[in-house]
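Enquirer:
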Amino acid sequence: MASKSELSPARRPRPRAIVEAEHGEPPVKLTFAERSLVNEALRRGEDVREQFESAVASYGRWLLGAVFDGDAAAALDDRSNNPVWRELLRRAGGPTLKISRRMLYVAVQLAARDKRIVDQSWQGLDAGRKELLLPLANDQRLREGAQHVSKFNLTQTDTRQYVAEQLRASGRAPAVRLTVPLLVQRVSKLRASLGSAAALKRVHTLKESADPSERAEAADEIDKLRGVLGEISKVLRKR
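Under our numbering, the first residue of the sequence shown carries the number -2, and numbering increases by one thereafter.
Quick look at the structure:
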């Protein structure tokens, strides 16, 4: 009988272009024709963003008014017992409401915050970065966050980092959700992806082609990972 790992589909690696973009790669050298194509894609992308954000904002405002009677505080209540809202959340992501629960939640949250926060920095911010600021969770911190993001024109990646730093500073960093089965799953996936014959063969190839500093950095990270895994193993083996 085939093992569980043999039956499970291999996890697809993240596209290289996305990984490079997230790590601040320098601009790609483009020809005149390619630059023109990029500019057209940017224009069309902005149209899509505006249409999408406008639709989400409109839906959120309607939900706030119709479901919560315009009461922003009620809409922001994480323990809301509103029967219509609970039923919408139950149906979200299903055949009768194909909007995800996350989108439904964000639409109402943004509508409620827009009603309460009149500061121009917040009002003028795009919905994407507003959404990233939502974990700050109260009007004052959201106002300050919007002012900071607007002042320095932070990207979404930088905004996400800013929020994480603010949460850590206030002792409200997100709790690590980890169970033993999830831990086993994560370690098993890592072992399967890096311990295969194909992966080890590729490492030998990289050893010959990679820059010495890159190899040293990779080896250092692997040593750190080995130390972390060792500590976890000790904790789990203790009686």
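C-beta: ideal position from N, C-alpha, C; glycine also. Computed from a predicted structure; not experimentally measured.
To the nearest angstrom, how far is it from the Cα of LEU94 to the Cα of LEU85?
Expert: Looking at the two C-alpha atoms, the distance is approximately 8 Å.
Enquirer: In the DSSP output, what is ALA89 paired with across the bridge?
Expert: Answer is LEU94.
Enquirer: Please identify the residue among LEU164, ALA89, ASP75, VAL35 whose C-alpha is closest to the C-alpha of GLN106.
Expert: Checked all of LEU164, ALA89, ASP75, VAL35; the closest Cα to GLN106 is ASP75.
Enquirer: What did DSSP end up calling GLY42 once you bin it into helix, strand or coil?
Expert: DSSP places GLY42 in helix when its eight states are reduced to three.
Enquirer: Pick helix, strand or coil for ALA134, following the three-state DSSP scheme.
Expert: Reduced to three states, the DSSP call for ALA134 is coil.
Enquirer: Quick check on DSSP: helix, strand or coil for ALA216?
Expert: Helix.
Enquirer: Measure the beta-carbon distance from LEU122 to GLN163 and round it to whole angstroms, keeping in mind my assumption that it falls under 8 Å.
Expert: LEU122 to GLN163, Cβ: 16 Å. No contact.
Enquirer: Can you tell me whether PHE65 is buried or exposed? The criterion is at least 16 other CB atoms within 10 Å of its CB, across all chains shown.
Expert: So PHE65 counts as buried.
Enquirer: Taking 7 Å as the threshold (C-beta atoms), are ALA104 and VAL53 in contact?
Expert: Yes, the Cβ-Cβ distance between VAL53 and ALA104 is below 7 Å.
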